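Written below as structure tokens is the structure these notes are about.
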Ligand SMILES: [Ca+2]
Ligand SMILES: [Ca+2]
Ligand SMILES: [Ca+2]
Ligand SMILES: [Mg+2]
Ligand SMILES: [Mg+2]
Ligand SMILES: [Mg+2]
Ligand SMILES: [Mg+2]
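Protein chains in written order, with our numbering: chain V, 178 to 911; chain E, 178 to 911.
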């Protein structure tokens, strides 16, 4: 039975944000028969009962994250939010009293607190060192207030609103427009915070501020935030709607990437849920063709087989859809997004639901056996507010997940990584994106904040599996330049499971140089796993050096080429991330294929690459100029072509075998690729011959300049004529 | 119902080795009602049916391991063994015929085969490149022959015995006494092989050869095997009983360590089982006070929380009691060793039983719900045939497992690692023993055999967490010297779960220098996890340099001391393993404690060490002089004391906190140790003061020269008098 609210009037009473009066009735009616909800409720009750027993503290703000006052205020808002929900669900006044007492303690102290003493933020808060955390506090606390609204007298409400909520909302908005009037995840939290308390207080002026920004304020347009991002662009839309409109593409891709979407999605969705419940006339879930609900699907599709998010832009490894903010994302996505049964299977893995109407809907869905697997397929997600600023393409085939990035820059968290890719195998990263140089909330490492190596290493082009020209990062490593451009998709064709193609072009990263990369997954009937074909085509007006790094993870087993390892490593370069790479060994190619066979997580992999005579092959290792051991010391292989205008890098990557340290059996330890060769390369076409050890071969041809699906092509190679329709063809020679 | 055989006559018919006539009857009677057995049987039937369908090959021997002929002959003996068991259990002649056909193919070809063409072994086989693998073949094939014995005509049996089994047994014994007449795992396989076929053929002369060796042969006493081990010692006992007697201590510890015991245990136990079944009058399981059954318990106790074996001597990481040879070890241990219900829980995890009388007993035990957890406690296992050649001490406390090694050398697989230790936490290695430099059966890496870095690195003292004097390995890294000596246990006291002490001395590794190490686990009531206290005391007649490496695994979070990281690493030394270590950073101590805080597997650890003024602190990394990337590039911290006769190294290791990349919460990220100091150190006593952050402190005092449990001690330190009884005391100052 679906929960209903009145499209005309919404929920006028309380609670009406994440819980509704009707929802509370239905939850109470179902308690004891909805296992996942009952379990979450019991755990929450146990936690809050213990906290009530112990008592709370509202300390004078003092610390950065990790410190006592920071962690205590953070804990407080979570406790209030939970206690509020418990009051509604269990109808036990001790929970309401707990929230009330804590709120009154805040209302007493808040007016006496100056700006937070720690100076590091461009927008310092009052409870916390940055307004961002103050906004977190308000998003949660508004829910608690809504839950105990009817428990309070009007006079009590007046006190709280006058002494605490209104000045609090003003502080993070009017008094910090450089924080509030942005399009950025910080501002999203700020907007949602003000919006949530506006809904709880029924304050339409404040709601308008949340939705449309603080009007008539001005601040330095050149001001930057702590991550080096510009605070505003000229003529920029502001407020919650602007924050939904700009970072989300029509496909629901969030331009900062899934790691930050995971963080941002909570305020987007919790506020949208409250707005939908209270003011359905805003039709917030229909905004921009339903982009908020599409974003849920996009986010989940940007996770690997284990649910861990792909590393796009600044992102910490290991973050996954098990993160608590994804509980509400999944539940809201289910409840307001048409009850997709695939989401139930993720909710079930999460093992927890939100204690509200959305969580009830999920719990009932699971109880009623509606769950289906959430199947992740190959998908292209456009970037840019209008969906015309490139995309992320994910090819999925036989356990492999290849994440190909041809997006816009990704705001202040973007990396200079156009046309890079990363490869996952059964949920394990095999060809990596480094992620970010930060240990979030680990105080030992730079206070848990971004380390300087994030700028000098992790964002740089050489830290990614893509072309570096003349040892200089794309866009000169400058945000002002990089944020003006985006790559462009060229082909994304995944209809045939045995042959999937993603192709994209980048023409601005290096002025005068055009990059065109095509990644293909090919399932050969004779082998267990598909393999990846990678064609990176570079053409320039000038003669350059081109480096293509390959960040394999694991232990080198064998190469088919000789190399000299230095007695002690050298440092590869001076800047743009090169200063962080040791050069451990090198070799010069003779024009034959090079092969690198390695072992990772008890699987054997081989990289096979076409070379030209005198290409340089470099074994590098991350870790130079890293005085505090901030970096992970992983390896790379760099293929370097010098003094050429044009270059073509062609390689395959196979996951072909397994090892067991228990049985000590090595199965299919070697590559199945006998030879890889370029049999044609012109402005119009590139053709690669893949010969395999089963004495078969395949030819892959791509049309470099015409991606029309219906165009007819004809090409003669070595006296053989190939004809086909569309931008590419794979011919099997048996 | 126990299976019975006649103590007087044994099982005279066939089958009588691993299956008995009575056993077969009982198995058939229980089929369908013994799930773990039924499941194993079904899987085996499916496998063998497919192989029978496909047909077999008996190729002319040609390859090393990994190659086709090697792998095929290896597969063949396993198929025959399984098919033989299926014939008995399922009573279907197609299985007998499969074994018979394959045996006749071998009987036809074997006489025509010369010595195997690959020259690498000191004892070349005929089917395989080494007699070891030929012996594997015969151990399995003898079981198959026993199973189909009654299916064959007498003439057929004569053909097989005359053309195949007898010459085969003669070849690996009489013709290769340098292989057969050893005390070594190779010889164990040889002895068992000859013994098994002797039992199958009822050949008492051959059985005597298996049990007591080939008499009246001589070979060069200075000959070494491929691992550099001596082939025989003067006046050495030979044959199966000698192989049981010498490497196993009275506690059942196998001197080569658990990795090799795992490999060796199959022939020991499978042959003992056959001998017990067929000739119970030998009372093989009573030999040496039941050492074979004790060895099962010892082996299982030398595994971590996941069942992975500790890394003692040459050992590959990841080997565990899930290895197939442990199925029979556990089943035989259960069936012949008094039906220990703890073994049933391991059998259940293994998910498989042997298809024989022992497997039936386990399956019945599980079915009848007799299973109990196999609880591993702190344990000391003596080394040496008489149990007087040192020991391995394992301290287990609150998820920590500390493996302290004060054994004899461990035959040709031994490392120069006296008084080293390794630490595991919830089954993860945290302070590591490197293990071996070998990728077993991975042909890409030196054919899957030992790499030269096993000798130059993995066996060397500096590769271990123990003292290196003057950059020279213990016993000069010479097997001839090291194998003459052993360390001696001094204290092993684990009666109090909150305070466990293992202490041992080594006085021969460096002539003129005495090493005395004491490791202690202390459970402080204020903290979640126990911590380790390590006291390494060195005293010498000469002035030396002492290095104590600490092989922490994980990422450095923070140190409490400044260090300079070099632009490019230096190489630490010239020989004895030092040539494989890069020196990445260094520091000089000021006499205060040094602390190293690191993160591994989302747990925070801290190492705290007492230093003297001007001790050198070196951050090293494995990987120098490693031209083929054979080594893992892990880190170490080395504390170096120069130009001293005596030295005292005192440190603690804590597992104190956790991190989650999903919640991004760091809990208890810092050490609880406020200060560590030596408050007394004399010839007689060493006392350490441990001050913790809860403003409490403890004093640990050890009596260095009197380990009498009843001796009374009195010691004044800083005007305070301590009196106690026994070799150590922990005093808590509250
Ligand atoms: Ca994963
Ligand atoms: Ca383990
Ligand atoms: Ca080891
Ligand atoms: Mg990146
Ligand atoms: Mg970017
Ligand atoms: Mg070792
Ligand atoms: Mg040893």
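The beta-carbon is built from N, C-alpha and C at its ideal position, and this holds for glycine as well. Just so we're clear, the structure is a prediction, and the values are computed from it rather than from any experiment.
- Message: Applying the 10 Å Cβ sphere with the 16-neighbour rule, what's the burial state of residue 424 (chain V)?
- Response: buried
- Query: In the DSSP assignment, what are the bridge partners of residue 606 (chain V)?
  - Reply: V:601
- Would you be able to state if there are at least three C-beta pairs under 8 Å between the region 680-700 of chain V and the region 601-616 of chain V? no
- Mind checking residue 197 (chain V): buried by the 16 CB within 10 Å criterion, or exposed? buried
- Query: Can you find at least 3 beta carbon pairs, one from the region 496-509 of chain E and one from the region 894-907 of chain V, that sit closer than 8 Å?
  - Reply: The answer is no - the region 894-907 of chain V does not touch the region 496-509 of chain E, with fewer than three Cβ pairs under 8 Å.
- Query: Hey, would you say residue 420 (chain V) sits closer than 7 Å to residue 365 (chain V), going by beta carbons?
  - Reply: At a Cβ-Cβ threshold of 7 Å, residue 420 (chain V) and residue 365 (chain V) count as neighbours.
- Query: Where residue 910 (chain V) and residue 890 (chain V) are concerned, what is the direct C-alpha to C-alpha distance, given to the nearest angstrom?
  - Reply: 19 Å
- Query: Looking at C-alpha atoms only, which residue of E:475, E:564, E:487 and E:556 is the closest neighbour of residue 520 (chain E)?
  - Reply: E:475
- Item | Distance between residue 499 (chain E) and residue 200 (chain E) (C-alpha atoms, nearest Å) | 25 Å
- Any non-hydrogen atom of ligand 6 within 6 Å of residue 610 (chain E) CB: yes
- Query: Given a limit of 8 Å on CB to CB distance, which residues of the region 475-502 of chain V reach chain E?
  - Reply: 493, 494, 495, 496, 497, 499, 500 and 501
- Contact list for residue 620 (chain E) against chain V, beta-carbon separation under 8 Å: 843 and 846
- Query: Which chain E residues sit within Cβ distance under 8 Å of residue 809 (chain V)?
  - Reply: 732
- Message: Against chain E, with Cβ distances strictly below 7 Å, would residue 444 (chain V) count as a contact?
- Response: no
- Message: Applying the 10 Å Cβ sphere with the 16-neighbour rule, what's the burial state of residue 536 (chain V)?
- Response: buried
- Do the CB positions of residue 670 (chain V) and residue 560 (chain V) come within less than 7 Å of each other? no
- Task: Compute the minimum distance between the beta carbon of residue 594 (chain V) and the heavy atoms of ligand 4, and state whether it is under 6 Å.
- Result: yes
- Task: Below 8 Å between beta carbons is the criterion; list the residues of the region 858-879 of chain V that meet it against any residue of chain E, in chain order.
- Result: The residues in question: there are none.
- Taking residue 620 (chain E) as the reference, which of V:749, V:624, V:846 and V:806 has the closest Cα? V:846
- Proximity to residue 422 (chain V) [Cα-Cα], best of V:439, V:443, V:384 and V:466: V:466
- Message: Which residue marks the beginning of the alpha helix (DSSP H) containing residue 199 (chain E), and which one marks its end?
- Response: First-last of the alpha helix (DSSP H) with residue 199 (chain E): 198-207.
- Task: Leaving out five residues on either side along the sequence, give the residues of the same chain with a beta carbon under 7 Å from the beta carbon of residue 215 (chain E).
- Result: Around residue 215 (chain E): 208 and 209.
- Item | Sheet register partners of residue 124 (chain E) (DSSP bridge) | Coverage of chain E is limited to positions 178 through 911, which leaves residue 124 (chain E) absent and any answer about it impossible.
- Item | Sequence-distant residues of its chain with Cβ nearer than 7 Å to residue 294 (chain V) (five each side left out) | 239
- Message: Pop quiz: residue 483 (chain E) and residue 604 (chain E) are said to be a contact at Cβ under 8 Å. What is the actual Cβ separation, rounded to whole angstroms?
- Response: 4 Å
- Please report the Cβ distance between residue 814 (chain V) and residue 794 (chain V), rounded to the nearest whole angstrom; I am assuming they are in contact, meaning their Cβ atoms lie under 8 Å. 7 Å
- Less than 8 Å between the CB atoms is what I'm expecting for residue 282 (chain V) and residue 328 (chain V), so what's the real figure, rounded? Between residue 328 (chain V) and residue 282 (chain V) the Cβ distance is about 17 Å, and since that is not below 8 Å, they are no contact.
- Item | Beta-carbon gap between residue 390 (chain V) and residue 372 (chain V) smaller than 7 Å | no
- Message: For residue 335 (chain V) and residue 195 (chain V), I'd like the C-alpha separation in whole angstroms.
- Response: Straight-line Cα distance between these residues: approximately 22 Å.
- Query: Within 10 angstroms of its Cβ, does residue 591 (chain E) collect 16 or more other Cβ (buried), or is it exposed?
  - Reply: buried
- Nearest to residue 577 (chain V) by alpha carbon, out of V:594, V:599, V:310 and V:564? V:599
- From V:757, V:834 and V:843, residue whose alpha carbon lies closest to that of residue 708 (chain V): When only C-alpha atoms are compared, the closest one is V:834.
- Does the pairing of the region 867-877 of chain V with the region 655-665 of chain V give three or more beta-carbon distances under 8 Å? no
- State yes or no: is the beta carbon of residue 774 (chain E) nearer than 7 Å to at least one beta carbon in chain V? yes
- Message: In the DSSP output, which residue or residues are listed as bridge partners for residue 890 (chain V)?
- Response: V:901
- Query: Three-state secondary structure (DSSP) at residue 798 (chain V)?
  - Reply: strand
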